[in-house]
Ligand SMILES: C[S@@+](CC[C@H](N)C(=O)[O-])C[C@H]1O[C@@H](n2cnc3c(N)ncnc32)[C@H](O)[C@@H]1O
């Protein structure tokens, strides 16, 4: 429960302006290199790739996927290249325009890759297709941008077919206690459980160290693990699997070191998990 207006307000305007501005930065970045997509392949990170392979051992042919917060569609189009029929939703008009452009470049028809510009909290109105997806895919940089995790879980559940599953992989909420720190160790700055958003002024961008964003103000929320668990259970979903990882697909703080396959983690000791993976199903 939150008292934030989920359909409008400064949080939404500031965050959308920030994400719109990041799109061309990301498109030009090495991190979001889309060469593999152009070759018909998938650029899913190793955690998502392994998770999806476990859920769909026979492949994704004919599987209907809803990708929430799809950004400019790199993962959506990876899933489409793997055979899925994908709908991607994101509130950034810039991101959706680029996702549609790229789908066209790859020659994917709308039935295979469709992109909708919408706030997650408006998804049911913008895509009135209840119980129509085999998989809701939510990865890396998602619920931290959303004020209300219980409502998010209800939206996920609403879209899933009976037997359909949520695949979720994102920053572990414990990792949000850190600030940037220095090259040797991040600093513990934020409490784990807190009410309300962190309103941050940060003109930097994780995909391009040189970037200086004009729209630097963002609103972010930490949702403790127990809140995510209760939100999913409260929405009627069963938690099928849960895992913790010590690596994630971007340099979360300067002390993080490359571990191969585009992943970063602790230098030396694995202090606390950095990523959370879970699968929930609509039984
Ligand atoms: C870090 S990116 C997610 C990247 C994604 N994992 C991918 O496939 O590349 C976060 C995305 O969430 C989107 N976003 C943030 N808040 C949103 C909201 N309320 N509704 C819809 N999209 C939102 C942003 O526009 C951005 O594209």
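Numbering (this note's numbering), first residue to last: 3 to 285.
By construction, the Cβ of each residue, glycine as well, lies at the ideal position given by its N, Cα and C atoms.
Helix, strand or coil, according to DSSP, for residue i in the structure here?
i	result
residue 24	helix
residue 234	helix
residue 123	helix
residue 90	strand
residue 210	strand
residue 150	coil
residue 277	strand
residue 47	coil
residue 272	coil
residue 12	helix
residue 106	helix
residue 6	coil
residue 195	coil
residue 129	coil
residue 227	helix
Identify the residues that DSSP records as bridge partners of residue i: which are they?
i	result
residue 30	According to DSSP, residue 30 bridges with nothing at all.
residue 250	266
residue 283	167, 240
residue 260	266
residue 185	According to DSSP, which records beta bridges pairwise, residue 185 is partnered with nothing at all.
residue 180	190
residue 162	135
residue 144	None, per the DSSP bridge assignment.
residue 115	88
residue 172	278
residue 245	279
How far does the beta strand (DSSP E) with residue i in it reach, from first residue to last?
i	result
residue 138	135-141
residue 220	219-222
Using a Cβ-Cβ distance under 8 angstroms, would residue i count as near chain D?
i	result
residue 88	You won't find chain D in this structure, because it holds only one protein chain.
Could you give the residue range of the alpha helix (DSSP H) that holds residue i?
i	result
residue 200	Not the alpha helix (DSSP H): residue 200 falls in the beta strand (DSSP E), residues 200-203.
residue 39	37-40
Do the stretch 63-71 and the stretch 45-53 meet, that is, are 3 or more Cβ pairs less than 8 angstroms apart? no
Report yes or no: do the stretch 139-148 and the stretch 169-188 share at least 3 C-beta pairs separated by less than 8 angstroms? yes
Are the stretch 16-33 and the stretch 79-97 touching by the rule of at least three beta carbon pairs closer than 8 angstroms? Cβ pair count under 8 angstroms is three or more, so yes.
For the structure I just gave you, are there three or more beta carbon pairs, one from the stretch 78-91 and one from the stretch 110-125, closer than 8 angstroms? The stretch 78-91 makes contact with the stretch 110-125, as at least three CB pairs between them are under 8 angstroms.
Specify whether the stretch 152-160 and the stretch 125-139 touch according to this definition: at least 3 beta carbon pairs, one from each stretch, less than 8 angstroms apart. yes
Segments of 3+ residues assigned as beta strand (DSSP E) that fall wholly inside the stretch 49-103: Those beta strand (DSSP E) runs which fall completely within the stretch 49-103 and span 3+ residues are 66-70, 87-92.
Count Cβ pairs between the stretch 231-241 and the stretch 12-20 that sit closer than 8 angstroms; are there 3 or more? no
Touching by the beta-carbon criterion (3+ pairs, under 8 angstroms), the stretch 247-259 and the stretch 268-279: yes
Does the contact criterion of 3 or more C-beta pairs under 8 angstroms hold for the stretch 27-41 versus the stretch 204-216? Between the stretch 27-41 and the stretch 204-216 there are three or more C-beta pairs closer than 8 angstroms, enough to call the two in contact.
Do the stretch 176-184 and the stretch 53-66 touch if we need at least three Cβ pairs shorter than 8 angstroms? no
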